[in-house]
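Contents: one structure, followed by commentary.
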Amino acid sequence: MPTDLGPTSPTPSPSSADARNADAVPVIDLSKMSVDKRAAMEVAESAREVQWTEPSFAQQLFMGTFNRTLVDSFPRQNAADQAIGDAFCAKLADYLTANLDAEEVDQSRTIPEQVISDLFAMGVFAMKVPKQYGGLGFTQVNYNRAMMLLASHCASTAVLVSAHQSIGVPQPLKLFGTEEQKQKYFPRFCPQPGKKGTISAFALTEPSVGSDPSKMATEAVLTPDGTHYVINGEKLWCTNGPIAGLLVVMCKTAPKIVAGVERAQITALIVEGNSPGIEVVHRCDFMGIRAIQNGLMRFHDVKVPAENVLWAPGKGLKLALTTLNTGRLTLPAACTGVAKQCLRIGREWGAERQQWGLPIGAHEAGREKLNFIASHTLAMEAVTWLTSHWADDHAKDIRLEAAMAKMFCSEIGWQVVDVTLQLRAGRGYEKGSSLKARGEKAYPVERMLRDMRINRIIEGTTDIMRLFLAREAMDPHLKLAADLLKKHTPVGTKLTAGAKLAGFYTGWYAKQWFNASLWERHDDMGILSGHYHYLQATAHRLARSIFHAMGLYQERLERKQVLLGHLMDIGTELFAMAATCSYAIRLAGERHDTTPMTLADSFCRESTKRIENHFRDLSGSDGKLMNQVGKGVLAGDFAWLEGGVQAPG
Ligand SMILES: Cc1cc2nc3c(=O)[nH]c(=O)nc-3n(C[C@H](O)[C@H](O)[C@H](O)COP(=O)(O)OP(=O)(O)OC[C@H]3O[C@@H](n4cnc5c(N)ncnc54)[C@H](O)[C@@H]3O)c2cc1C
Numbered sequence: 100m101p102t103d104l105g106p107t108s109p110t111p112s113p114s115s116a117d118a119r120n121a122d123a124v125p126v127i128d129l130s131k132m133s134v135d136k137r138a139a140m141e142v143a144e145s146a147r148e149v150q151w152t153e154p155s156f157a158q159q160l161f162m163g164t165f166n167r168t169l170v171d172s173f174p175r176q177n178a179a180d181q182a183i184g185d186a187f188c189a190k191l192a193d194y195l196t197a198n199l200d201a202e203e204v205d206q207s208r209t210i211p212e213q214v215i216s217d218l219f220a221m222g223v224f225a226m227k228v229p230k231q232y233g234g235l236g237f238t239q240v241n242y243n244r245a246m247m248l249l250a251s252h253c254a255s256t257a258v259l260v261s262a263h264q265s266i267g268v269p270q271p272l273k274l275f276g277t278e279e280q281k282q283k284y285f286p287r288f289c290p291q292p293g294k295k296g297t298i299s300a301f302a303l304t305e306p307s308v309g310s311d312p313s314k315m316a317t318e319a320v321l322t323p324d325g326t327h328y329v330i331n332g333e334k335l336w337c338t339n340g341p342i343a344g345l346l347v348v349m350c351k352t353a354p355k356i357v358a359g360v361e362r363a364q365i366t367a368l369i370v371e372g373n374s375p376g377i378e379v380v381h382r383c384d385f386m387g388i389r390a391i392q393n394g395l396m397r398f399h400d401v402k403v404p405a406e407n408v409l410w411a412p413g414k415g416l417k418l419a420l421t422t423l424n425t426g427r428l429t430l431p432a433a434c435t436g437v438a439k440q441c442l443r444i445g446r447e448w449g450a451e452r453q454q455w456g457l458p459i460g461a462h463e464a465g466r467e468k469l470n471f472i473a474s475h476t477l478a479m480e481a482v483t484w485l486t487s488h489w490a491d492d493h494a495k496d497i498r499l500e501a502a503m504a505k506m507f508c509s510e511i512g513w514q515v516v517d518v519t520l521q522l523r524a525g526r527g528y529e530k531g532s533s534l535k536a537r538g539e540k541a542y543p544v545e546r547m548l549r550d551m552r553i554n555r556i557i558e559g560t561t562d563i564m565r566l567f568l569a570r571e572a573m574d575p576h577l578k579l580a581a582d583l584l585k586k587h588t589p590v591g592t593k594l595t596a597g598a599k600l601a602g603f604y605t606g607w608y609a610k611q612w613f614n615a616s617l618w619e620r621h622d623d624m625g626i627l628s629g630h631y632h633y634l635q636a637t638a639h640r641l642a643r644s645i646f647h648a649m650g651l652y653q654e655r656l657e658r659k660q661v662l663l664g665h666l667m668d669i670g671t672e673l674f675a676m677a678a679t680c681s682y683a684i685r686l687a688g689e690r691h692d693t694t695p696m697t698l699a700d701s702f703c704r705e706s707t708k709r710i711e712n713h714f715r716d717l718s719g720s721d722g723k724l725m726n727q728v729g730k731g732v733l734a735g736d737f738a739w740l741e742g743g744v745q746a747p748g
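See the structure below:
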């Protein structure tokens, strides 16, 4: 999934989403930007949700408040919902074990038709479809439990199901579809005896449109009688596209004049996969998730009824970004599933393999790896379940936390698999099928690593997640300081804004230095109390750092991506620490043992080290040199270093 500088919310309806966007005020000074950049920023800004109606843990964190009441009492599933998830996952696990050979799927690049139709019959493609339309109506927690299980077994199949359901037609239809649209399309995803189910896809990316949708070229033109749109253009990397019966296609539609300026409109249309004029130009082949059906799709005069618009003309980007809000939560669950597999492999192989007179896991370097895998798996799980529960509760704004969960779990998950591969060494690099052929246990770490890599790219790359987080984290400051930050604001307005700002920041800034973190102890957290204390104090330090950076760089801050990245990574680590400590307390109580606390303690120590490194890098002096070298590379200053090898491609 592409661009991510946009809105998110638990499960908005069109009207609530409209309300959250009602008072969109541009707070960023676009006047100094190039025409292209300004156009891109305008599109991204117009797709943002501007209101914060429910509390956001992360937003408060960036403003200096560690609001532990929002993370304490880690949520748990009610018994009835848990029983539904238990039964479904048990059935799914049995089915997968008996019927789906993930290694074979990887090698043949094919998910067997029979498996797909069996999964349809089980309702796997309708987990998110509300019950009144024949679906399973799962909560986000149960959906993610099933996705975690599926991803731990076969990543390609997990992506097939997720692309269909987390971002494909069911999710935007649920959020933004009309009653007629829901009645027409939902049943096609549900188990129906004797009928083949419909797989759906989401098509936004184009050859020239990746993270930035403002240059979208695929166009939908309304026919003169207003009854149809006619689509022309190309969509790249459309997962499920080649086999989809239904697609959500993002198209450029007639521009709108906003404040005297023409603004691009992006509209989401539901398109039948068998419509005349749709061509699968190429099935793409990737390093991992090799069995997914992902294609370059061409649309030539594809006629779509006007009533197939989702939400409303011009709302397409907002719809895509809002869909991603909960859609993005599947990925953390999938990554956690893989991390849990790694933990099992690490435990078994760490004890079994003997070198230099000891099991490899008993050497200190082995223990370090096992510590990393175990403690970070707990953190990934904590972040996954906390955000999933919050998505179900609808009582918190999760736009920041969903992005953090995606970024954290995909980045850490990648490291967990890499560490596991290192522990397996030669056997980690060898394919599972090859291990099996020579009689060894076929741990598929090589495939897991290949499959895992995509998670740092799809549904918003890590860089884009950081930019998205930075924009949202800065929002309270930007709103307060909007008039001051803009270069062309009249002096009178600047003076009023300055006075307002001074009033707020005098008290706020003092509080970032002198606050409860100086005396509060969090003794109720047991061995984790020190981490809660660190969290509280570091939230203030983070807020101070953001404030100092804003003062220092002013409107140039938007271009200081590396510095912003460090700040956002600090916020994300703090969120993960809070989630992990709270989760560990709950698990320790339930299990009547202290092992979750031990793991949480270890994770928080590792996380603290990373946070301190980020703070050090904030004030590091290598930014200038880094920029100079990067610029020099583009200018060809160091091309001499490329000599002596074959040119790629
Ligand atoms: C296997 C696979 C499945 C996919 N499935 C779908 C799908 O179902 N539907 C769909 O629509 N799309 C899909 N995509 C597309 C995917 O969402 C995009 O690859 C992703 O959005 C990034 O776009 P890009 O690859 O064009 O990278 P680009 O946008 O070209 O970015 C290249 C690099 O530059 C960085 N970058 C970009 N902009 C900035 C910036 N402003 N500041 C700093 N750094 C920046 C990026 O982080 C990245 O590192 C899929 C892609 C793959 C590989």
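Residue numbers for the sequence shown follow this note's numbering, beginning at 100 and rising by one. By construction, the Cβ of each residue, glycine as well, lies at the ideal position given by its N, Cα and C atoms.
{"query": "Within the same chain, show all residues whose beta-carbon is closer than 7 Å to that of Ala473, passing over the 5 residues directly before and after it, in chain order.", "result": "Leu442 and Leu698"}
{"query": "Just how far apart, CA to CA, sit Met676 and Ala464?", "result": "24 Å"}
{"query": "Assuming Asp180 and Asn241 form a contact by the criterion Cβ under 8 Å, report the distance between their Cβ atoms to the nearest whole angstrom.", "result": "6 Å"}
{"query": "Considering only residues of the same chain and omitting the five flanking positions on each side of Ala504, which have a CB-CB separation below 6 Å?", "result": "Pro431, Val482 and Thr486"}
{"query": "Taking DSSP's pairing of strands, which residues face Asn331 in a bridge?", "result": "Glu318"}
{"query": "Closest to His252 by C-alpha separation, out of Cys188, Gly236 and Ser533, would be which residue?", "result": "Cys188"}
{"query": "Ala678 to Phe173, Cα distance in whole Å?", "result": "8 Å"}
{"query": "Please name the residue in Phe507, Thr592, Trp607 and Val590 whose C-alpha comes closest to that of Met564.", "result": "Phe507"}
{"query": "Can you give the beta carbon distance from Leu428 to Ala501, rounded, assuming they're within the 8 Å contact cut?", "result": "6 Å"}
{"query": "List the DSSP bridge partners of Met349.", "result": "Ala367"}
{"query": "Quick one, are the C-beta atoms of Lys230 and Gly236 less than 8 Å apart?", "result": "yes"}
{"query": "Identify every run of the beta strand (DSSP E) within the stretch 410-477, keeping only runs that are complete inside it and at least 3 residues long; order them along the chain.", "result": "none"}
{"query": "Out of Val544, Arg546, Arg526 and Met547, which has the shortest C-alpha to C-alpha gap to Arg537?", "result": "Arg526"}
{"query": "Exposed or buried, Asp623, counting other C-beta atoms within 10 Å across all chains shown (16 or more means buried)?", "result": "exposed"}
{"query": "Taking 7 Å as the cut-off, is the beta-carbon of Phe156 closer than that to any non-hydrogen atom of ligand 1?", "result": "no"}
{"query": "Within 8 Å of any Cβ in chain B, is that where the Cβ of Thr697 sits?", "result": "Checking the listed chains, one finds no chain B in this structure; it contains a single protein chain."}
{"query": "Using the rule of at least 16 other Cβ atoms within 10 Å of the residue's Cβ for burial, across every protein chain shown, is Ser207 buried or exposed?", "result": "exposed"}
{"query": "Under a Cβ-count criterion, where at least 16 other Cβ atoms within 10 Å of its own Cβ denotes burial, should Leu219 be classed as buried or exposed?", "result": "Going by the sequence as given, residue 219 is Phe instead of Leu. Its Cβ being crowded by 16 or more others within 10 Å, Phe219 is buried."}
{"query": "Once the 5 residues before and after Gln176 are set aside, which same chain residues still bring their CB inside 6 Å of it?", "result": "Val240"}
{"query": "Check whether the Cβ atoms of Ala257 and His327 lie closer than 8 Å to each other.", "result": "no"}
{"query": "Using the Cβ count rule (16 or more neighbours within 10 Å means buried), how would you classify Pro111?", "result": "With a pLDDT of 37 at Pro111, under the threshold of 50, the modelled position of that residue is not reliable, and the figure given next carries that caveat. Buried, because 16 or more other Cβ atoms sit within 10 Å of the Cβ of Pro111."}
{"query": "Please return the same chain residues whose Cβ sits closer than 8 Å to the Cβ of Met649, not counting the five positions on each side in sequence.", "result": "Met573, His576, Ala580 and Leu656"}
{"query": "Does Lys283 come out as helix, strand or coil in the three-state DSSP assignment?", "result": "helix"}
{"query": "Per DSSP, Ala300 is paired with what?", "result": "Leu346"}
{"query": "Determine whether the beta carbon atoms of Leu663 and Ala569 lie at a separation below 8 Å.", "result": "yes"}
{"query": "Just reading off the alpha helix (DSSP H) that His713 is part of, what are its end residues?", "result": "Thr694 to Leu717"}
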